[in-house]
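S.K.: Sequence lines, in order, name chains U and Z.
Just so it is clear: in the first sequence, position 239 is 239 by the numbering used here, and no numbers are missing.
Just so it is clear: in the second sequence, position 353 is 607 by the numbering used here, and no numbers are missing.
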Amino acid sequence: MTDEHPALVLRGLAKQFDGKVAVAGVDLDVPAGSFYGLLGPNGAGKTTTLSMAVGLLRPDAGGARVLGHDVWADPVRAKQLLGVMPDGVRLFDRLSGAELLAYHGLLRGMDPAVVDQRAAELLDVLALGDAGRTLVVDYSAGMKKKIGLACALLHGPRLLVLDEPFEAVDPVSAALIRDILHRYVVGGGTVIFSSHVMEVVQRLCSHVAILAQGTIKRVGTLDEVRGDRSLEDVFVEVVGGRTATGEELAWLSR
Amino acid sequence: MALPVTSSGGREGGGTAGQVTSPDGPAVERVRPVSARHFVRLKLRVMGNSFRGQGWRVAMFAGSVIAGLWFAGTGFFLLAAPGLADEPTYALMTAAFGGGLLVLGWLLLPLVFFGVDETLDPARFALLPLSRRTLVTGLFAAALVSVPAVAALIAAGGLVLASGLLGGAAAALVAAVGVVAGLLLCVAASRAMTSAFATMLRSRRVRDLAAVLLAVLAALLGPLQIVALAAVRQADWDRLTGVARIVGWTPFGAPWTVGVDVAEGRAWAVPVKLLVTALTIGALLWWWSRSLESAMVGAAGGGPAKARSGPTRAGTGPAGARSGAVGQLFPWAVGWARRDRFGALVARECRYWWRDARRRANLITIAVVGIFVPVMVNFGGASFSTGDGTELAAPNSSPMLVSLSMVVVGALASVTLANQFGFDGSAYAANVVAGVSGRLELLARMAAFSVYVLPMLGVVAVLLGMVLGRPTWLGVMAGSLVASYGAGLAISAFVSVLGAYSLPETSNPFAMNSGAGVAKSFLALLSMLGAAAASVPMVVAAALLGDAWLWLAPPLGLAYGLGAALLGAYLAGDVLDRRTPELLTAITPRR
């Protein structure tokens, strides 16, 4: 790949909702070939940031570039290189898994024969083949995550943007998703995903950014960010959570 | 039977685990009783919060208040009319039939048109230790605080006035009691009905089916009304008074007729009728509380996924095209489409028009309305007002009138797309991420919808031509239909891009965001008027050109409709390209 450009560059992304600041100027450089974890507590602005990065939400200020292509000025090129799995967004769930994959593939302008072949393979690998013609709306939460990932992967994007890929996923499916993502990065792809599961981030990621209150608090390689402590300690310290309760809530123990 | 989720205070846990909240536990502060007042305040607070910083919601609420007042005023004077005109003979009939219609409306309308105001969703209370009685009375009280309830109360006030004028203060007082009881009956009936349906229809497939059946019923309401009106014209008043008397003893009429009874000197009937009402309300509330419980349990856990029909069916379709994923996506009706972006969009939309209950219900409405509107317009009052029931053979129709009715049908059909993106909800994100161009998106949606609608419109034209006995008018009808349909598609394209709103994603197929009903009808009305206005040339031509128009209409109408639709997709597509993310935000339901 001609990867002189970073896979994803965010510059000064900012967004307010009804006067409430959700994201207050985020700068981020995701190097090509990295496995990037975007960490943050609930409500930190992870979803908002990623939505703006992929063109689902128009930022109030700032911009995003995917492998050198501006998401807002040159959306077609940028979106070709992108695979996205948004969180809290429905799929076209009145389709069966195979139909959904075919839809995504054709929408990406792929050759029908290739779509057929890759869809069969993905359904097989993700253990969704048994679902047959069950509609996605009737899938379990974990199956929905997996079919969402399959849709994002189908056209072979150079950059995968995943919002909470491990939420509501059972350990077996999570391991499967981890393996697939790992293989994807080894093969030259770039992944950025949001999570608040430290264990997963620690195991997978080469780079980490910690987002809280709409700004990046820490950023760098995994080792740079955590130093000689555990990632969780750093995270709690940065986010400013409290670690102990003393007298308050005394009535909980009787 | 499952245990009730909401067992009050100390009942769960029994005596074994002393740590669990027990009413007499020393460390637990006194549990203060929850009254209906709390639910009412909660509802008002939720409503108030939803207005915050949302000018258009306030505007919509104001709109619904105005509509409610208009309805209330009209109803008031209609129901008060016998008293104002001093016509005691009609008093009983007005009270029994007017009140009965009110109850019927509360029963059926929420199911089909407006949906239930789910400001207070029962499922949200599932985890709170509230007894069933507290919950039902609370939710019931909260349900009374709504625009329709207040409007109905004002309207029914007309009965109080009528009774007062005819029978003095005592009659008015009794009527007032009856009206309040009647309102309670209405609200209880609508709640019990929707709740029972919502639980009965937990399974998605059954629910889809029921929604469709209800849509048919709703669409038939109009025609049935006409038949009823025709019947009324023929019936004699004495018989009707007899019917009214009987209705007055059923729950439909009992609460509304007590005032008239006093005025007409049948005071003995009052306690009996009030008892009938009270028993009915009690039964309805009991029924509601039963279904509430299962609604709350059901909301807690989604059902397990089960395979629809086993493993992939291979090679059953034409030429074995179904085997691959792509083959499965395309229904046979769009088998002609190329396997590319456009084809995929069309195929997906086609699947959705059938599989999404909301959309399917719309299609059915088009079919039913498409038949009845033209029949009504073209047979005018003629056949019904003569009353002797002989005539469908001499309709007072003309090419112009036929064109006009066809314009209405075409416009009505196209208006279904006025919130086409709202049907998708946040799923539309997939198209945004894939970078689908606006023109392609809109064209594909028009094409897919037309796959269903154009054949239906064709059937409408042929049927009407046969019924009217004027096969030569077929061309005029088809031309007007296609012209108005195409123009309507163009206008709906703009409305759907600029005026999109979100539809709720709940398990209750009857749920509606508060106020959305008004927005829906307003936007639909706007695009319908636009489509009808754009098709005026077809009607004018039909009026002016005479026989030549019979032959000119089909090609000109087709060209006009097709041109309008293409132009609409072309221009609205540019608008869509510029505001794709904003559209996505607009149709994503807030949580």
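No residue lacks a Cβ here, since even glycine has one placed at the ideal position from N, Cα and C.
Span of the alpha helix (DSSP H) holding residue 822 (chain Z)?
M.R.: Its alpha helix (DSSP H) spans residues 801 to 832.
S.K.: Which word fits residue 250 (chain U), buried or exposed, when buried means at least 16 other C-beta atoms lie within 10 angstroms of its C-beta?
M.R.: It is exposed - the Cβ of residue 250 (chain U) has fewer than 16 other Cβ atoms within 10 Å.
S.K.: Spell out a yes or no on whether the region 682 to 690 of chain Z and the region 650 to 661 of chain Z are touching, meaning 3 or more CB-CB pairs, one atom from each, closer than 8 Å.
M.R.: Contact fails: fewer than three Cβ-Cβ distances are below 8 Å.
S.K.: With 16 as the cutoff for other CB atoms within 10 Å, does residue 20 (chain U) come out buried or exposed?
M.R.: The residue in question, residue 20 (chain U), is exposed, as its Cβ has fewer than 16 Cβ neighbours within 10 Å.
S.K.: Looking at the secondary structure, which residues open and close the beta strand (DSSP E) in which residue 17 (chain U) lies?
M.R.: Looking at the DSSP string, the run of the beta strand (DSSP E) that includes residue 17 (chain U) is 8 to 17.
S.K.: State the beta-bridge partners of residue 96 (chain U) as determined by DSSP.
M.R.: For residue 96 (chain U), which the question treats as bridged, DSSP gives the partners U:135.
S.K.: Using the C-alpha atoms, what's the distance from residue 524 (chain Z) back to residue 291 (chain Z)?
M.R.: When rounded, the distance between both Cα atoms is 30 Å.
S.K.: In whole angstroms, what is the alpha-carbon distance linking residue 493 (chain Z) and residue 337 (chain Z)?
M.R.: C-alpha separation (whole angstroms): 21 Å.
S.K.: Work out the CA separation of residue 130 (chain U) and residue 558 (chain Z) for me, nearest whole Å.
M.R.: Residue placement at residue 558 (chain Z) cannot be trusted, given a pLDDT of 38 that sits under 50; what the coordinates show is reported in the next sentence. If you take the alpha carbons of residue 558 (chain Z) and residue 130 (chain U), they lie about 14 Å apart.
S.K.: By the DSSP assignment, the beta strand (DSSP E) with residue 36 (chain U) in it spans what residues?
M.R.: 35 to 39 is the span of the beta strand (DSSP E), which, as asked, contains residue 36 (chain U).
S.K.: Excluding the five sequence neighbours on either side, which residues of its own chain have a C-beta within less than 7 Å of the C-beta of residue 393 (chain Z), listed in chain order?
M.R.: Contacts found: 293, 374 and 376.
S.K.: Between which two residues does the beta strand (DSSP E) holding residue 190 (chain U) run?
M.R.: Counting along the chain, the beta strand (DSSP E) containing residue 190 (chain U) begins and ends at 190 to 195.
S.K.: For residue 665 (chain Z), collect the residues of the same chain with a Cβ closer than 6 Å to its Cβ; drop the 5 residues on either side in sequence, then sort them by chain order.
M.R.: Only 738, 742, 782, 785 and 786 meet the Cβ criterion.
S.K.: Is there a Cβ from chain Z that is less than 7 Å from the Cβ of residue 92 (chain U)?
M.R.: Yes - at least one Cβ of chain Z is within 7 Å of the one on residue 92 (chain U).
S.K.: Going by Cα to Cα distance, which pick from Z:423, Z:424, Z:673 and Z:699 is closest to residue 757 (chain Z)?
M.R.: Nearest C-alpha to residue 757 (chain Z): Z:673.
S.K.: Answer yes if the region 705 to 715 of chain Z comes into contact with the region 72 to 83 of chain U, meaning at least three C-beta pairs across the two stretches below 8 Å, and no otherwise.
M.R.: As far as the Cβ criterion goes, the region 72 to 83 of chain U does not touch the region 705 to 715 of chain Z, which means the pair count is below three.
S.K.: What are the residues that DSSP puts in a beta bridge with residue 20 (chain U)?
M.R.: DSSP lists U:17 as partners of residue 20 (chain U).
S.K.: Work out the CA separation of residue 658 (chain Z) and residue 56 (chain U) for me, nearest whole Å.
M.R.: Using only the alpha carbons, I get a separation of about 43 Å.
S.K.: Report all residues from its chain with a CB closer than 6 Å to the CB of residue 711 (chain Z); omit the five preceding and five following residues, and keep chain order.
M.R.: So the qualifying residues of the chain are 735.
S.K.: Give the secondary structure of residue 107 (chain U) by DSSP, where H, G and I count as helix, E and B as strand, and everything else as coil.
M.R.: Correct three-state label for residue 107 (chain U): helix.
S.K.: In chain order, what residues of the region 176 to 193 of chain U put their CB closer than 8 Å to some CB of chain Z?
M.R.: Hits within the stretch: zero.
S.K.: Along the region 683 to 707 of chain Z, what residues have a CB closer than 8 Å to any CB found in chain U?
M.R.: Listed by position, the residues of the region 683 to 707 of chain Z near chain U (Cβ gap below 8 Å) are 683, 684, 685, 686, 687, 688, 689 and 690.
S.K.: Bridge partners of residue 429 (chain Z), per DSSP?
M.R.: None; residue 429 (chain Z) has no bridge partner.
S.K.: At least one CB of chain Z closer than 7 Å to the CB of residue 22 (chain U): is that the case?
M.R.: By this cut-off, residue 22 (chain U) is not an interface position.
S.K.: Helix, strand or coil for residue 612 (chain Z) per DSSP?
M.R.: Residue 612 (chain Z): helix per DSSP, three-state reduction.
S.K.: Do you know offhand how far residue 730 (chain Z)'s Cα is from residue 823 (chain Z)'s?
M.R.: For residue 730 (chain Z) and residue 823 (chain Z), the distance between alpha carbons rounds to 26 Å.
S.K.: Excluding the 5 residues flanking residue 1 (chain U) on each side, which residues of the same chain have their C-beta closer than 8 Å to its C-beta?
M.R.: Note on residue 1 (chain U): pLDDT 46, under 50, position unreliable in the model; the coordinate value appears next. For residue 1 (chain U), where only same-chain residues beyond five positions count, the Cβ hits under 8 Å are 32, 158 and 188.
S.K.: Under 8 Å by Cβ, that's how I've got residue 146 (chain U) and residue 126 (chain U) pegged, so tell me the actual separation to the nearest angstrom.
M.R.: Rounded, the Cβ-Cβ distance is 5 Å, consistent with contact.
S.K.: With burial defined as no fewer than 16 other Cβ atoms inside 10 Å of the residue's Cβ, what is the status of residue 618 (chain Z): buried or exposed?
M.R.: Residue 618 (chain Z) comes out buried.
S.K.: So for residue 564 (chain Z), helix, strand or coil by DSSP?
M.R.: Low local confidence applies: a pLDDT of 37 at residue 564 (chain Z) is under 50, so the model's placement there is unreliable, with the coordinate-based value given in what follows. DSSP places residue 564 (chain Z) in coil when its eight states are reduced to three.
S.K.: Quick check on DSSP: helix, strand or coil for residue 387 (chain Z)?
M.R.: Note: residue 387 (chain Z) maps to helix in three-state DSSP.
S.K.: Using three-state DSSP, classify residue 661 (chain Z) as helix, strand or coil.
M.R.: Helix, per DSSP.
S.K.: Throw me the rounded Cβ distance for the residue 684 (chain Z) and residue 222 (chain U) pair, which I believe falls under 8 Å.
M.R.: That belief does not hold up - the Cβ atoms of residue 684 (chain Z) and residue 222 (chain U) are roughly 32 Å apart, past 8 Å.
S.K.: CB residue 733 (chain Z) to CB residue 725 (chain Z), shorter than 7 Å?
M.R.: Going by C-beta atoms, residue 733 (chain Z) is not nearer than 7 Å to residue 725 (chain Z).
S.K.: At a CB distance below 7 Å, what residues from the region 582 to 595 of chain Z approach chain U? Give them in sequence order.
M.R.: Of all residues in the region 582 to 595 of chain Z, 582, 583, 593, 594 and 595 have a Cβ within less than 7 Å of some Cβ in chain U.
S.K.: Kindly identify the DSSP beta-bridge partner or partners of residue 216 (chain U).
M.R.: Paired residue(s): U:211.
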